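Okay, so here's the structure we're looking at.
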Amino acid sequence: MTTGPADGPRRRRNVSIREDVEQFIRDNFFFEGDRLDADASFLETGIIDSTGVLELVAFLEERYGIKVADQDLTPENLDSLARIEAFVEKKRAAAEA
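Residues are numbered in this note's numbering as their position in the sequence shown, beginning at 1, plus a constant of 6.
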């Protein structure tokens, strides 16, 4: 059985969204430390700035096959690992409904 692009986001469910996003942040933004606190604000800690949010959104859209609308660009959705994980799960569930 072959898989196409539409299968990609479904296959990735076995990988922790939180760990995946944390690795993206480590690879692309300034972060020192062993682990990111799941509830720490990216903006308050200076890990991600407003430009970085756009990079993060592009990553989430490509990696998880979701669409992040302008009204979704809020700290409630994107300002910590825990919030991103909940947001991505909500978007994926809505896409499957």
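The beta carbon of each residue, even a glycine, is placed where N, CA and C say it ideally should be. These numbers were taken from a predicted model, which means no experiment stands behind them.
Please report the residue range of the alpha helix (DSSP H) in which residue i lies.
| i | result |
| --- | --- |
| Arg41 | Segment: none, Arg41 is in no alpha helix (DSSP H) and carries neither H nor E. |
| Thr51 | Phe48 to Thr51 |
| Thr80 | Per DSSP, Thr80 belongs to no alpha helix (DSSP H) and is neither H nor E. |
Taking the CB atoms as reference points, tell me whether residue i and residue j lie closer together than 8 Å.
| i | j | result |
| --- | --- | --- |
| Leu42 | Leu87 | yes |
| Arg32 | Glu91 | no |
| Asp26 | Arg69 | yes |
| Phe35 | Ile54 | yes |
Using CA coordinates, which residue listed in the options is at the minimum distance from residue i?
| i | options | result |
| --- | --- | --- |
| Leu66 | Glu102, Ala103 and Lys97 | Lys97 |
| Thr51 | Gly71, Thr57 and Phe37 | Phe37 |
| Ala44 | Glu28, Ile54 and Val59 | Glu28 |
| Lys73 | Ala46, Glu95, Gly39 and Ser56 | Glu95 |
| Ser47 | Phe93, Gly39, Ala75 and Glu82 | Glu82 |
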